[in-house]
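Peer 1: Let me give you the structure first, and then I'll get to my questions.
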Amino acid sequence: TTEYLAAALLDQRWHQLTPSQVPTDVLSFEAKALQDAGVAYPPVPPRYRTGYFSHSMGGGYSAGYYAYLWSERLDAETVKWFTESGGLTRKNGD
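The opening residue of the sequence shown carries number 1 in the UniProt record's numbering; numbering runs sequentially from there.
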């Protein structure tokens, strides 16, 4: 969903900053990051706003939310390959 993608892109943007680039105006940073990524859609604001998306900022998380999207992408590619290659067969499993 757009909402899920927006959260992942925002998460990634935060983790790309160097310490000297950390903004003082969090809401402006968030708005610009979403606008720059092309996912700013006011009728559906991000569910995981910076102020309460705290699990991404500590405990070794390191932009892991972004990795969820890659996981879904790899899953979709795997399903596509199996579908195009005859499904769940012994040959495809080897």
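Glycine residues also receive a C-beta, built at the ideal position from the N, C-alpha and C atoms.
1) Roughly how many angstroms separate the alpha carbons of residue 74 and residue 35, rounded to a whole number?
2) What residue range is occupied by the uninterrupted alpha helix (DSSP H) comprising residue 4?
3) Give me the residue from 85, 38, 81 and 50 with the minimum Cα distance to residue 29.
4) What does the alpha-carbon distance come out to for the pair residue 43 and residue 91?
5) Using only the alpha-carbon positions, how far apart do residue 39 and residue 80 sit?
6) Along the chain, where does the alpha helix (DSSP H) that runs through residue 26 open and close?
7) What whole-angstrom Cβ distance do residue 5 and residue 69 have, given they're in contact under 8 Å?
Peer 2: The short version:
1) 27 Å
2) 2–16
3) 50
4) 48 Å
5) 27 Å
6) 26–37
7) 7 Å
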